[in-house]
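Keeping their order, the protein sequence lines are chains F and L. Everything in the first sequence is counted per this note's numbering, starting at 46 for the first residue and increasing by one. Everything in the second sequence is counted per this note's numbering, starting at 27 for the first residue and increasing by one. For glycine and all other residues, C-beta sits at the position ideal for the given N, C-alpha and C. Here the structure is a predicted model, which is why all the values come from computation and not from measurement. Below is one structure, written out as structure tokens, with a few remarks after it.
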Amino acid sequence: MSLVRFSGLTVSVMEKGNEKLLLDGISLEISEFSIVSLVGGSGSGKTTAGLALLRLLPVGLTIKRGEITYKDENLLKASSKRIQQIRGKEISMVFQEPLYAFNPVFSIGSQINEVLELHTSYSKEKRKERIWELLDMVGIKDPKRVANNYPHQLSGGMRQRAMIAQAIATNPKLIIADEPTSNLDVTLQAKIMKLFVKLKEELKLSILLISHDLGVVENISDKVVVMYEGKIVEAGDTASVFNEPKAEYTQRLLEVSKFK
Amino acid sequence: MTKEMKHISETQMAFRQFFKKRVAAACVGTLLLLYFCAIFAGFLSPYSYKTEQRQFSYAPPTAIHFFDERKLTKPFVYGMKMDYDEVNKRIYQEDRSVKYPIELFKKGDKYKIFGLITCDYHFFGVDESTRLYILGADSRGRDLLSRLLYGSRISLSIGLIGVTISFTIGLLIGGIAGYYGGAIDNFLMRLCEMFMMVPGFYLLLALRAAFPDNFSSLQVYLAIIVILSFIGWAGLARIIRGMCLSLRERDYVLAARSLGLSDFQIIVQHILPHTLSYSIFAIMLSIPGYILGESALSLIGLGIQDPFASWGNMLSDAMSIVKIRFYPWILWPAFMIFLTVICFNVIGNALRDVLDPMLKGEGEN
């Protein structure tokens with residue numbers, strides 16, 4: 046069953062009087078309990094697509110045409126109150142650099158607590174236990190200590206795990222992971238990817254994985270969508286995209302990832 | 027053996043750096059003492075702020091004696107004699123025939139502790155047949171020390187309450203303007219400029235004129251706070267707005283939005299805390315403005331009215347040069363204002379040095 050569907054999404058920006066299309070008629074479908082990877086180079090529009098899904102596009106970017114539906118609800122027409130309910134509760138986001146995505150003046154625990162306070166009716170005690178449980182779930186060994194730590198006190202890998210813990214805090218249906226591993230070393234990349242697969246199976250959620258590296262997403266995605274300059278150049282099952290790439294851009298990407 | 031380095035937090039470090047500055051630490055001590063005295067003014071002052079004794083108009087400070095016939099005794103005062111000189115000016119002299127020891131926990135005028143419990147014990151006092159004027163008396167023979175203590179309640183509390191109100195408004199308006207930008211920003215900033223454009227003192231007078239002049243003392247007190255807060259927020263709002271313009275572009279603001287926080291929650295919980303180190307010293311540096319504002323209003327008779335005491339309205343007595351010439355002790359309230367303002371300024375500057383690393387090294391004290 047389809048969870049999220051983009052149909053003909055077109056996003057534009059005005060640049061020196063000329064209209065430039067950042068996304069040009071994107072259509073893709075994320076079905077339940079699946080990992081869909083959105084792959085493309087810088088400026089291909091993959092992050093824009095992720096932000097558009099939560100209606101978080103920066104000021105100046107306008108959605109010209111198209112629809113984004115979540116469980117048959119058109120998100121582009123939803124009230125801002127409804128969108129706030131969906132953000133963090135139904136769809137949450139993992140950012141590229143958790144050092145900046147966490148507020149430096151609050152502890153990790155209090156920032157996870159914030160989401161729980163907003164979207165659940167747990168008591169204070171229950172929330173505390175839930176925070177420890179979440180940190181444990183993402184593979185942090187000492188959850189009670191880490192909950193009291195500030196973002197800068199953790200290593201890059203730990204921070205990304207904490208970010209993921211925050212994203213899954215309210216059992217969302219979909220996580221948008223925007224280049225979650227591009228600032229981590231190769232061994233950590235593999236660990237975090239494994240964590241995503243584990244969480245997908247345990248929590249029955251879907252993941253929209255945004256990445257510039259085909260090699261990273263190969264083993265875990267169900268579906269791969271390749272983007273180039275705001276257009277989808279290739280989409281299909283992981284196996285078919287990797288084994289018989291049709292578009293020239295996909296072939297180039299594959300060649301590059303082999304060098305690594 | 028080397029001593030092991032202890033782990034200390036940022037806040038602890040700031041505290042240590044702050045208290046290394048001796049002058050600033052002394053100012054904190056002074057202010058704490060002043061606020062303590064203000065809270066327990068009823069107990070610490072020998073008389074009530076309104077007990078008059080007209081025959082002792084402008085009595086000079088009473089001399090306290092520790093030696094009686096060259097022997098150390100309990101501190102005591104002599105009685106007071108009043109006479110007229112050749113131009114009918116009153117002269118007060120000690121009446122050496124009677125001695126009154128200074129007694130601790132003396133019963134006297136009634137007052138209320140925290141406005142609730144009635145009590146009539148004073149920390150010290152003398153027998154009712156004479157008067158103890160440690161700092162002298164004013165035109166109606168009221169004890170200056172007692173009035174200073176009662177007056178400090180108003181003068182010191184107006185700063186704190188006023189700053190709380192105007193900073194709440196300033197932070198919110200600055201936060202909203204900076205976060206949303208565009209037309210909202212434009213509108214709010216033009217509003218600020220309207221307030222900043224009018225010279226402060228005239229704005230103060232104009233706003234005071236908007237309130238009726240037959241207010242009760244409590245109403246006047248509240249009106250002054252409202253007026254002063256109304257003037258104070260604009261400058262802060264502009265600075266906070268500038269900070270928020272840059273803070274809103276941070277990733278954690280986007281992250282907070284992606285978690286479903288409302289704009290208001292983001293402004294209050296995620297953006298404004300980052301302006302805290304600026305706000306703290308800005309608060310300290312702006313409190314004197316409120317104290318001076320209250321004094322100015324009371325001085326020209328638009329603020330706290332007699333018989334209630336505030337440092338400002340006590341000073342209105344000192345507006346004539348002749349009185350200062352003959353009764354210099356009526357300048358005590360001016361000294362108290364001076365002391366308080368200096369303390370807040372020194373603390374504010376020290377806090378800025380400690381909290382704002384960018385400014386470190388500029389202006390040592």
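Within chain L, partners of residue i - CB distance below 8 Å
i              : result
S137 (chain F) : S284 and L285
K218 (chain F) : Within 8 Å Cβ-Cβ: nothing; K218 (chain F) doesn't reach chain L, min ~14 Å.
L106 (chain F) : Neighbours of L106 (chain F) on chain L: none; closest Cβ ~13 Å, over 8 Å.
Buried or exposed by the 16-neighbour rule on C-beta atoms within 10 Å, applied to residue i
i              : result
D94 (chain L)  : exposed
S181 (chain L) : buried
G53 (chain F)  : exposed
G200 (chain L) : buried
Y228 (chain L) : exposed
G389 (chain L) : No answer about G389 (chain L) holds up, because its pLDDT of 47 lies below 50 and its placement is not dependable.
Three-state secondary structure (DSSP) of residue i
i              : result
L287 (chain L) : coil
L48 (chain F)  : strand
K243 (chain F) : helix
I265 (chain F) : coil
T165 (chain F) : coil
P393 (chain L) : Outside the displayed range of chain L (27 to 391) lies residue 393 (chain L), so it cannot be described from this structure.
Y396 (chain L) : Only positions 27 to 391 of chain L appear in the structure, and residue 396 (chain L) is not among them; the question remains open.
G275 (chain F) : coil
F151 (chain F) : coil
E275 (chain L) : coil
Y145 (chain F) : helix
H91 (chain L)  : strand
Q81 (chain L)  : helix
S312 (chain L) : helix
K303 (chain F) : helix
Y147 (chain L) : strand
D382 (chain L) : coil
Q331 (chain L) : coil
Min CB distance residue i to chain L below 7 Å
i              : result
Q198 (chain F) : no
G90 (chain F)  : no
F51 (chain F)  : no
A146 (chain F) : yes
V56 (chain F)  : no
V160 (chain F) : yes
L101 (chain F) : yes
V191 (chain F) : no
F140 (chain F) : yes
V183 (chain F) : no
V242 (chain F) : no
V150 (chain F) : yes
Closer than 7 Å to chain F by CB, residue i
i              : result
Y278 (chain L) : yes
A232 (chain L) : no
A281 (chain L) : yes
H3 (chain L)   : This structure leaves residue 3 (chain L) out entirely; chain L is present only between 27 and 391.
I299 (chain L) : In the sequence as displayed, the identity of residue 299 (chain L) is Pro instead of Ile. P299 (chain L) counts as touching chain F.
H148 (chain L) : no
N391 (chain L) : Because N391 (chain L) sits at a pLDDT of 42, beneath the cut-off of 50, its placement in the model cannot be relied upon, and the following sentence gives the value as read from the coordinates. Not closer than 7 Å to any Cβ of chain F, the Cβ of N391 (chain L) fails to qualify, so no.
H296 (chain L) : yes
E388 (chain L) : Bear in mind that a pLDDT of 48 at E388 (chain L), under 50, signals an unreliable position, so the number given afterwards is only what the model happens to contain. By this cut-off, E388 (chain L) is not an interface position.
M27 (chain L)  : Because the pLDDT at M27 (chain L) is just 48, under 50, the model does not fix this residue reliably, and the point stays unresolved.
Option nearest residue i by Cα separation, candidates the options
i              : options                           : result
G275 (chain F) : F:E142, F:M59 and F:G90           : F:G90
L102 (chain F) : F:S57, F:D267, F:E159 and F:G70   : F:S57
F370 (chain L) : L:Q291, L:L318, L:P101 and L:G208 : L:L318
V139 (chain F) : F:S155, F:S227 and F:T114         : F:S227
P72 (chain L)  : L:A308, L:M362 and L:Y176         : L:Y176
D332 (chain L) : L:V224, L:D164 and L:F193         : L:D164
F149 (chain L) : L:G338, L:W358, L:C63 and L:V294  : L:C63
E64 (chain F)  : F:G154, F:K109 and F:K169         : F:K109
Y61 (chain L)  : L:S178, L:K97, L:L311 and L:G105  : L:S178
G188 (chain L) : L:M310, L:L325, L:Y84 and L:A281  : L:M310
L163 (chain F) : L:R283, L:G315 and L:S83          : L:R283
S340 (chain L) : L:L130, L:G162 and L:D111         : Reading off the sequence shown, one finds Met at residue 340 (chain L), where the question assumed Ser. When each option's Cα is compared against that of M340 (chain L), the closest is L:G162.
A85 (chain L)  : L:F352, L:I368, L:V372 and L:Y147 : L:F352
K133 (chain L) : L:S255, L:Y147 and L:L142         : L:Y147
D289 (chain L) : F:T55, F:G62, F:I128 and F:F78    : F:I128
Neighbouring residues, chain L, relative to residue i (Cβ below 7 Å)
i              : result
K116 (chain F) : In chain order: nothing, as chain L lies at least about 17 Å away.
Chain L contact residues for residue i, given Cβ-Cβ distances below 9 Å
i              : result
Q205 (chain F) : Correct list: empty, because the minimum Cβ distance to chain L is about 13 Å.
R132 (chain F) : R283, S284, L285, G286 and L287
H164 (chain F) : L285 and G286
9 Å Cβ cut-off: residues of chain F touching residue i
i              : result
N305 (chain L) : Reading off the sequence shown, one finds Ser at residue 305 (chain L), where the question assumed Asn. The contacting residues do not exist; S305 (chain L) stays about 13 Å from chain F at best.
Contact list for residue i against chain F, beta-carbon separation under 8 Å
i              : result
S288 (chain L) : Q129
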